[in-house]
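> One structure, pasted below without further comment.
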DNA sequence: AGACTGACATACC
DNA sequence: CGGTATGCCAGTC
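Numbering (the numbering used here), first residue to last: 6 to 111.
Encoded structure:
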């Protein structure tokens with residue numbers, strides 16, 4: 006399991022960890038930063054099995070539509086964490102729908 | 001070793 | 001504008 010540093014999921018975790026608190030990014034955004042702009046599927050897969058739920062704020066990763074997407078621990082958990090950071094569904098949507106937020110880094 | 005799955009996205013109808 | 005269909009990557013079974 007990605008014991009070697011440099012695996013895709015490892016890179017994904019690193020990118021997700023880079024997301025500032027109170028902010029959210031889409032899977033495509035992470036995938037792109039991870040090195041494969043077409044690997045959002047793998048990104049979600051990596052986070053799904055994520056072995057580092059603590060060092061990786063997976064709850065800051067949402068869909069490009071502004072939807073929370075899903076969460077291994079339950080979507081409610083994710084929403085709760087986001088709201089805890091002072092974010093809301095509309096807030097998330099505002100950031101994601103923001104053209105450029107996906108192309109430009111925070 | 002091979003096939004399926006999955007927290008998505010984009011395109012088409 | 002909405003829903004449906006297909007495609008994609010990497011990981012996991």
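Just so it is clear, CB atoms sit at the ideal spot from N, CA and C, and this is done for glycine as well.
Which whole-angstrom value is the C-beta distance of residue 61 and residue 30, which I expect to be below 8 Å?
Going by Cβ atoms, the distance from residue 61 to residue 30 rounds to 13 Å, so no, they are not a contact pair.
> Could you have a look at residue 46 and say whether DSSP puts it in helix, strand or coil?
helix
> Helix, strand or coil for residue 81? Go by DSSP, reduced to three states.
helix
> Can you tell me which of 42, 54 and 100 puts its alpha carbon nearest to the alpha carbon of residue 72?
100
> Leaving out five residues on either side along the sequence, give the residues of the same chain with a beta carbon under 6 Å from the beta carbon of residue 38.
20
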